[in-house]
Structures are given as C-alpha cells and as structure tokens.
Amino acid sequence: GQQLNQSPQSMFIQEGEDVSMNCTSSSIFNTWLWYKQDPGEGPVLLIALYKAGELTSNGRLTAQFGITRKDSFLNISASIPSDVGIYFCAGRGFGVGNEKLTFGTGTRLTIIP
Amino acid sequence: DTGVSQDPRHKITKRGQNVTFRCDPISEHNRLYWYRQTLGQGPEFLTYFQNEAQLEKSRLLSDRFSAERPKGSFSTLEIQRTEQGDSAMYLCASSLAGSLGSTDTQYFGPGTRLTVL
Numbered sequence: 057g058q059q060l061n062q063s064p065q066s067m068f069i070q071e072g073e074d075v076s077m078n079c080t081s082s083s084i085f086n087t088w089l090w091y092k093q094d095p096g097e098g099p100v101l102l103i104a105l106y107k108a109g110e111l112t113s114n115g116r117l118t119a120q121f122g123i124t125r126k127d128s129f130l131n132i133s134a135s136i137p138s139d140v141g142i143y144f145c146a147g148r149g150f151g152v153g154n155e156k157l158t159f160g161t162g163t164r165l166t167i168i169p
Numbered sequence: 811d812t813g814v815s816q817d818p819r820h821k822i823t824k825r826g827q828n829v830t831f832r833c834d835p836i837s838e839h840n841r842l843y844w845y846r847q848t849l850g851q852g853p854e855f856l857t858y859f860q861n862e863a864q865l866e867k868s869r870l871l872s873d874r875f876s877a878e879r880p881k882g883s884f885s886t887l888e889i890q891r892t893e894q895g896d897s898a899m900y901l902c903a904s905s906l907a908g909s910l911g912s913t914d915t916q917y918f919g920p921g922t923r924l925t926v927l
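Order-wise, the sequence lines are chains H and R. Its first residue numbered 57, the first sequence is counted upward by one per residue in the working numbering. Its first residue numbered 811, the second sequence is counted upward by one per residue in the working numbering.
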C-alpha cells in the first residue's frame, strides 16, 4: 500500500539537541497527524493538525501543516532519553470515504549517551 | 484507563490455523479501524466500521480475513488458514465522528503481535 515519504529514516543525536523531521506526499491531505511508537506498542498520538499553515505545539514538540497540504514537519527541542522511539507521520484525505490514515515510513530516533 | 484495548497482545500459531483478535475501542467512539504493521514499516489500513457497519475494506484484506463489530462496540478480526506472510502487528484504532466539535482523531491500541510458524 501507499506510504508517505518521511525523512530522515534514522537520527542519532545527543541528549539536549533539537530534532527535525518531515513528511511529504504526492496527494493533498485534510489532516496531518504525528505519532510516536515504542517497541512492541501501538502508536501514541503526539500532535494533530487540521488546517493548512497551522503551527501547533505540545510541550517540547512543534508541528506544522504545510501550506500546499502535501507536507508536514515535526520538531523536538532539547531532546531527552524518553524521546527515543519511532516517529510516524500520517495523513487523512478529504470527505466521506477517506477516513483511513496513510502513514509515513517512520523516523527512528536514537540518543547517543 | 479508558483507552483502546486489544487481546491477546501476542499470538503464536502454526501455519494453517485460524486466529481471532479482539479490540475494545474507547467507549464513546463510533468508528473502529484495523491496521496491519510489518517490521520496519508504518501501519497499513485494513478496514473500518462506523457503529456496526463495515464501510471500507482495503485490498490487503484477502478473503481469509474477516472483521466484525456486531453491536457497534468491540470488534473481532479473524484470519483463517494463516500463512507465514500474515506475521505482523495488528493494530486497532477508534475515533469519534459526527458529533459537534469532534475531530475524528484516531487513537490506537497496543496491538496484537502475530507470529505464524
């Protein structure tokens, strides 16, 4: 099935560094979502974006819904050990019949001691 | 805790056996979704229900797969005659749609990890 282009695939950073990742699509979306997944667990919602151009923060996390509706980015400031995990973007299309989410390929974040 | 729950969390089965997974959504949510996630990939949509009606099925959902949500609350996903390629994490999500102010945001359960030997 279709998966969104998410980059980078992996990141190795030191604690305290800022992180930036993004997601692009060939289709436009009505909603962009960012989830974090720990090994063996389901995705946990971090931020939801509902309007083109919207910039939303959740603590140290900030995400933006691109103006073209085809991209989104997620920033994490001052990373801490519990930020380790896999981050997925997900997009949802417009209207009836487009309730499913299309996910990105994931960004694996590792913090180097 | 009133999040999405799934049972079992892990299932190991032999090829050819049938397996059934259960999902209990967040109690007031009217939509329930099933996704499949293989190693190193993001989740992929399988099917979804609005109340008890199954409204969409992905072509990933072969005829060996069947999902039900008989009373519009919990759902089951059955895989018949399992194959090694069915090994994956099966994720359930739920959302609230159609109510004033609802955003139809999907919240996921912890998943059921299936291993087919």
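Glycine residues also receive a C-beta, built at the ideal position from the N, C-alpha and C atoms. Bear in mind that the values here come from a model prediction, so they are computed numbers and not experimental data.
| Query | Result |
| --- | --- |
| Pairwise C-alpha distance: T118 of chain H and S837 of chain R | 30 angstroms |
| Interface partners of L901 of chain R on chain H, CB under 8 angstroms | G98 and P99 |
| Candidates R:F884, R:S868, R:E866 and R:L856, of which the one nearest N840 of chain R by Cα | R:F884 |
| Contact set between E893 of chain R and chain H, taken where Cβ atoms lie within less than 8 angstroms | Within 8 angstroms Cβ-Cβ: nothing; E893 of chain R doesn't reach chain H, min ~18 angstroms. |
| Backbone secondary structure at G919 of chain R - three-state DSSP | coil |
| Beta strand (DSSP E) segment containing Y91 of chain H, residue limits | T87 to Q93 |
| F150 of chain H - partner residues in DSSP beta bridges | Answer by DSSP bridge pairing: none, since F150 of chain H is not bridged. |
| Within chain R, partners of F159 of chain H - CB distance below 9 angstroms | Y845, Q847, Q851, G852, P853, E854 and F855 |
| Cβ pair count under 8 angstroms reaching 3, the stretch 146-160 of chain H against the stretch 58-69 of chain H | yes |
| Alpha carbon of G72 of chain H to alpha carbon of A134 of chain H, nearest angstrom | 4 angstroms |
| Test: K156 of chain H CB closer than 7 angstroms to a CB of chain R | yes |
| Residue interval of the beta strand (DSSP E) (run including S905 of chain R) | A898 to S905 |
| DSSP three-state assignment for Q65 of chain H, whether helix, strand or coil | coil |
| Y858 of chain R: CB within 6 angstroms of a non-hydrogen atom of the ligand HEM | Because no ligand of any kind appears in the structure shown, any question about the ligand HEM cannot be addressed here. |
| Which of helix, strand or coil DSSP assigns to Q932 of chain R | Any property of residue 932 of chain R remains undetermined from this structure, which presents chain R solely from 811 to 927. |
| Nearest-angstrom Cα separation, counted from A108 of chain H out to I132 of chain H | 20 angstroms |
| Whole beta strand (DSSP E) elements within the stretch 817-859 of chain R, 3-residue minimum | 820-823, 829-834 and 841-847 |
| C-beta contact flag for G921 of chain R and V814 of chain R at 7 angstroms | no |
| Of the residues R:G850, R:R825, R:N828 and R:A877, the one placed nearest C902 of chain R, counting alpha carbons only | R:A877 |
| Meets three-Cβ-pair contact criterion under 8 angstroms: the stretch 139-151 of chain H and the stretch 72-87 of chain H | yes |
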